[in-house]
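There are 2 protein chains.
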Amino acid sequence: MQPSPPTRPALRARYDRRRELVVDTAARVFAERGYDQTSVQELTEAMGLASGGLYHYFESKQHLLIEICDQLMDPLLEQARELLAPDGAPDEQLRALVRLWVAHVVEHRGHMLVFQQERHLIERGDEWRNVRDSRKQFERLVAGVLERVHREDAVLPDDGRLALAALLGMVNHTVQWYRPGGRLTPLDVADGYVDLLLARSAR
Amino acid sequence: MQPSPPTRPALRARYDRRRELVVDTAARVFAERGYDQTSVQELTEAMGLASGGLYHYFESKQHLLIEICDQLMDPLLEQARELLAPDGAPDEQLRALVRLWVAHVVEHRGHMLVFQQERHLIERGDEWRNVRDSRKQFERLVAGVLERVHREDAVLPDDGRLALAALLGMVNHTVQWYRPGGRLTPLDVADGYVDLLLARSAR
DNA sequence: TCGAACTTCGAACGACCATTCGGTAGAGTC
DNA sequence: GACTCTACCGAATGGTCGTTCGAAGTTCGA
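Quick note, the sequences are listed as chains E and A, same order. Residues in the first sequence are numbered from 18 upward in steps of one, following our numbering. Residues in the second sequence are numbered from 18 upward in steps of one, following our numbering.
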C-alpha cells in the first residue's frame, strides 16, 4: 500500500522535510554503494530509521529510486523551460541553459550518479515512463537550442546532432570528476563547454 | 576454488573460445538488465548452460564482472601505448588516439555499459585494482597527448584539464547513443570530437 | 487532559539467489 | 577398449533481503 502524507496541515511540513531527508540520503548512499548493493537496513540506518520506517514514506525501495530520478529531472526541465520561454539570441540561450544544467548536475551529484547507474532500469517498465519522458523532453530542449545556433551561425559540426551528443556527454560526465571547492566553478565549467561548441564562430 | 584451463593443449582452444562466449554474453546481458538484477540462472540460460556451468569458467559472478572490465581496458591501454610510442605531431597523435578509442568503445558496447554502471564497485576493493589502474593509466595517456597539443598550439581551453574532462565525457558517452549502421561511422564521430577540441587552431 | 492521528520500531516471513557438489556423458590418449 | 581428463548438469543449501504488521511511543487539536 502506498503511504500518504498526514491530513492535518500542521504536520505536513515536517513530513515533507523528513521525506526529503530520506530521498537525499538515499541518493548519496545509492551513488556510493549502488542501488542493489545497498540493503534497506543499511539505507535506513544512514537516515537514523529502522528498516520498517522507510515504508512510512515510500511504497517500496524501487519507488524511492524513482523519486530520486524525478527530483533530478523534473525541476531541471521546468527551469529550462522558463529560461527558454522568452526569445533571445541562440548562443546566449545556449550559454544560459548549459550554466543552469551544470549547476543542477553539480548540486545533485548523488541523484545524477544514481540516474546514470540505473539507466537500464529507467529504459524499461511503466513506472519509469515519467523519468524517461522528462529526459527526452530535456534533450529536445537542448537539441532545439543547438539547432537555432546552427541555423544562425552555421558553425556547429554536422548540423548539430553530433554537437548534441557531445554536449550531453560532457555535461553528464561532469559529475564524475567535478568537486566543489576546486579551481573551477560550475560557471567556468559550463562556459568552457559552450566555448568548445562555439569556438569556430566569431567571438 | 578458481577454475583452471585444461592441461591438455588440444583442448585449450575450445576452452578459451567457450570462455570468451561466456564473457561476451555476460557483457551483453549485464548491460541490458544490470549486473545485480541478472541472476546466474538467467545469465547461463542466455549462454546455453545450466547454472552450475558458469563455475567451470569463473570462480564467481563477480570475477566474471572483473573479467569483462579487464577485457575492455587492457587491450585499449595496450593499443594506445603502441600508437603513442613513436614520436609525432601532437594533434595527429590526438586524432589517431581518439579514433582508436571511439572504435574500441563502439565495438565493446556491452563491456562499456557494464563498466559505467558498476563504477561504484570498481572504485573500491582490492579485486578491482587492475581495472582502476588501467583506467588511470589510459587517462594519463590522453592527458599527456592533450598537454602536448596545448604546449604546441596553445589553443585548448584552460591548459587542457577541462579539455581532458570534456573529451572523456564525449567519448565515454558515445556508447549511450551510437548505433552501428547509422549515418555516422566511428571515424566520423572521433574526428568530430577532435575537431571540436582543435577548432581554435588553424585548420 | 483525552483521544485521534501520526511516526517509528523491529521481529518474523517468504522469496530469491549465488554457490556447491556428486553424478554423468563424451572426448582424448595409450 | 579401458582409463582419464574435461565439460556440464541441476537439485540442494545456506544466507540475504525486501516487505509486513502489530505494538509502542509521540504529537496535535479540542
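Glycine included, each C-beta is placed from N, C-alpha and C at the ideal position. Remember, predicted model here, so these are calculated numbers, not experimental data.
Assigned secondary structure, residue i (DSSP; H/G/I helix, E/B strand, else coil)
i                : result
Gly105 (chain A) : coil
Arg253 (chain A) : The structure shown does not extend to residue 253 (chain A), since chain A is modelled only from 18 to 220, so the question has no answer here.
Met64 (chain E)  : helix
Phe47 (chain A)  : helix
Gln54 (chain E)  : coil
Glu76 (chain E)  : coil
His121 (chain E) : helix
Thr24 (chain A)  : coil
Gln19 (chain E)  : coil
Ala216 (chain A) : coil
Arg34 (chain E)  : helix
Arg29 (chain A)  : helix
Nearest-angstrom Cβ-Cβ length linking residue i and residue j, presumed shorter than 8 Å
i                : j                : result
Asn189 (chain A) : His190 (chain E) : 6 Å
Gly142 (chain E) : Gly186 (chain A) : Contact flag wrong, Cβ pair sits at about 27 Å.
Gly209 (chain A) : Leu179 (chain E) : 4 Å
Pro107 (chain A) : Glu169 (chain A) : 5 Å
Leu130 (chain E) : Ala48 (chain E)  : 4 Å
Ile83 (chain A)  : Glu144 (chain A) : 6 Å
Val115 (chain A) : Tyr195 (chain A) : Val115 (chain A) to Tyr195 (chain A), Cβ: 14 Å. No contact.
Ser151 (chain A) : Leu94 (chain A)  : 5 Å
His137 (chain A) : Arg50 (chain E)  : 6 Å
Arg149 (chain E) : Ile139 (chain E) : 6 Å
Gln133 (chain E) : Glu76 (chain E)  : Wrong, their Cβ atoms sit about 24 Å apart, outside the cutoff.
Tyr32 (chain A)  : Pro26 (chain A)  : The Cβ separation is near 10 Å, so there is no contact.
Val40 (chain E)  : Gln79 (chain E)  : Contact flag wrong, Cβ pair sits at about 14 Å.
Ala63 (chain E)  : His128 (chain E) : Rounded, the Cβ-Cβ distance is 16 Å, inconsistent with contact.
Val211 (chain E) : Leu111 (chain E) : 6 Å
Leu71 (chain E)  : Thr61 (chain E)  : 5 Å
Leu184 (chain E) : Leu214 (chain E) : 6 Å
Check distances from the C-beta atoms of the region 75–109 of chain A to those of chain E and list, in chain order, the residues that come in under 7 Å.
-> none
Residue ranges of each alpha helix (DSSP H) run of no fewer than 4 residues wholly in the region 133–214 of chain E, ordered along the chain?
-> 136–139, 146–170, 178–194
Please name the residues in the region 188–202 of chain A whose beta-carbon is closer than 9 Å to at least one beta-carbon of chain E, in chain order.
-> Val188, Asn189, His190, Thr191, Gln193, Trp194, Tyr195, Arg200, Leu201
Using Cβ-Cβ distances below 8 Å, what residues of the region 113–129 of chain A are close to chain E?
-> none
Taking only beta carbons into account, state which residues of the region 132–145 of chain E come closer than 8 Å to chain A, listed in chain order.
-> Gln133, Gln134, Glu135, Arg136, His137, Leu138
Interface residues of the region 146–159 of chain A facing chain E [CB-CB below 7 Å] | none
Mind listing which residues of the region 38–51 of chain A have their C-beta closer than 8 Å to chain E's C-betas, in chain order?
-> Ala48, Glu49, Arg50, Gly51
Taking a Cβ distance cut-off of 9 Å, strictly less, list which residues of the region 51–64 of chain A are near chain E, in chain order.
-> Gly51, Tyr52, Asp53, Gln54
In the region 25–39 of chain A, which residues sit with their C-beta less than 7 Å from some C-beta in chain E, listed in chain order?
-> none
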